[in-house]
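Using the working numbering, the first residue of the sequence shown is number 11, and each one after it goes up by one.
Note that beta-carbon positions come from the ideal geometry of N, C-alpha and C, so glycine has one too.
Owing to the predicted nature of the structure, the values given are computational and were not obtained by experimental measurement.
For reference, the structure discussed in these notes is given below.
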Amino acid sequence: MSNIILNFTVPKEYNDTQAKWFLRNYCNISVRLLTALKLTPLGISRDGSLLRVIDNVYTGDVIRVKLPEDNNKIIPVETDLDICYEDEHILVVNKPPFMPVHPTHNHIDDTLANGVAFYLQSKGCTSCFRAINRIDRDTTGLVLLAKHSYAAANLVKNVKKVYSAVCQGIITEPGTVNANISLLEGHTIQRVAGTADGVHAVTHYKPLIIGNNHTLLEFNLETGRTHQIRVHMSYIGHPLAGDDMYGGSLEHINRQALHCKTITFIHPVTHKSVTVTTPLPKDMEQVINI
11 MSNIILNFTV
21 PKEYNDTQAK
31 WFLRNYCNIS
41 VRLLTALKLT
51 PLGISRDGSL
61 LRVIDNVYTG
71 DVIRVKLPED
81 NNKIIPVETD
91 LDICYEDEHI
101 LVVNKPPFMP
111 VHPTHNHIDD
121 TLANGVAFYL
131 QSKGCTSCFR
141 AINRIDRDTT
151 GLVLLAKHSY
161 AAANLVKNVK
171 KVYSAVCQGI
181 ITEPGTVNAN
191 ISLLEGHTIQ
201 RVAGTADGVH
211 AVTHYKPLII
221 GNNHTLLEFN
231 LETGRTHQIR
241 VHMSYIGHPL
251 AGDDMYGGSL
261 EHINRQALHC
271 KTITFIHPVT
281 HKSVTVTTPL
291 PKDMEQVINI
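And the structure:
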């Protein structure tokens, strides 16, 4: 795949300004990417000629940025992907249960990253795997991916996620859990809520559907702590169905009933708000008899 090209028009407030300040402050190009662009042939150009970062730019100039090609080291494996959104810069995939997002020593070639690598390679794209959000292996739902470093750098702070979960018991009113989260003593994965020395964590929830002595809830998070929804709901006595790590029963579902259903982000190139949604998976519907 040829290098991705981004074009930026210089506004009047950057007239007669050094290119590096225009690129850093107006175009939001990181120092790391700017350094890489200097090493890319015609990485930064104007009217077909090389533009040095110390050169001045002027109102109306169109500055052409040629992003360096990636070196993707992830093993491509053909996978059935549920793609919910795609353009030249962004990919959003609905991850199924029991699939890790990233390769590990135990999961070398059966991850979302492997499937995405194959998909992009089949389209002639050599992009690295850049997941902007991460969800657990057994959690389903939307994963936002950037196809290049510029998109990744400008997505990180502009993403809002909404989750769904099926919790045990009946919850009739919306609420908020404000309780610190820390590692359970002697454990490297399991967390516990309500500790004085933990990290600040706030979870907002509202009930949507009640059925089969379970409640489907929608979650908005003020913080993004590991296992936050799972730990907080267990803390208030309503663990997620199937979440045996935090007290949930495996009677109705064999994984934690947690799903990332909506992602909203500001597009790094068009600067427009984009919202992507995906329906509740069947195994979660069955718990509450939808």
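Selected residue, minimal CA-CA separation from residue i, among the options
| i | options | result |
| --- | --- | --- |
| Ser244 | Gly204, Ile220, Gly234, Glu23 | Gly204 |
| Ile84 | Leu227, Thr136, Ala29, Thr225 | Thr136 |
| Val172 | Phe229, Ser59, Gly258 | Phe229 |
| Leu91 | Cys138, Asn35, Gly151 | Gly151 |
| Ser132 | Gln296, Thr89, Leu260, Glu183 | Thr89 |
| Ala175 | Asn164, Asp65, His242 | His242 |
| Phe108 | Glu98, Gly252, Thr149 | Thr149 |
| Leu194 | Gly208, Thr69, Asn299 | Gly208 |
Residue i vs residue j beta-carbon contact at 8 Å
| i | j | result |
| --- | --- | --- |
| Ile142 | Leu154 | yes |
| Gly185 | Tyr215 | yes |
| Ala127 | Arg140 | no |
| Arg147 | Pro110 | yes |
| His210 | Ala251 | no |
| Val75 | Leu47 | yes |
| Ile246 | Met294 | no |
Assumed close pair residue i, residue j - CB separation to whole angstroms, cut-off 8 Å
| i | j | result |
| --- | --- | --- |
| Val169 | Ile273 | 6 Å |
| Arg265 | His237 | Between His237 and Arg265 the Cβ distance is about 14 Å, and since that is not below 8 Å, they are no contact. |
| Leu44 | Leu52 | That belief does not hold up - the Cβ atoms of Leu44 and Leu52 are roughly 15 Å apart, past 8 Å. |
| Ala123 | His112 | 5 Å |
Separation of residue j from residue i, as counted between CA atoms
| i | j | result |
| --- | --- | --- |
| Ile14 | His281 | 18 Å |
| Leu227 | Gly179 | 11 Å |
| Met11 | Ile100 | Summary for Met11: the model assigns pLDDT 47, below 50, so the residue's position carries little reliability, and this model does not support an answer. |
| Tyr129 | Tyr95 | 14 Å |
| Gly134 | Glu232 | 39 Å |
| Leu260 | Pro217 | 21 Å |
Where residue i falls: helix, strand or coil (DSSP)
| i | result |
| --- | --- |
| Lys22 | helix |
| Ala5 | In this structure the chain extends from 11 to 300, so residue 5 is not present and cannot be described. |
| Ala211 | coil |
| Arg147 | coil |
| Met11 | Summary for Met11: the model assigns pLDDT 47, below 50, so the residue's position carries little reliability; its value from the coordinates is reported in the next sentence. Met11 falls in the coil class under three-state DSSP. |
| Tyr68 | coil |
| Phe229 | strand |
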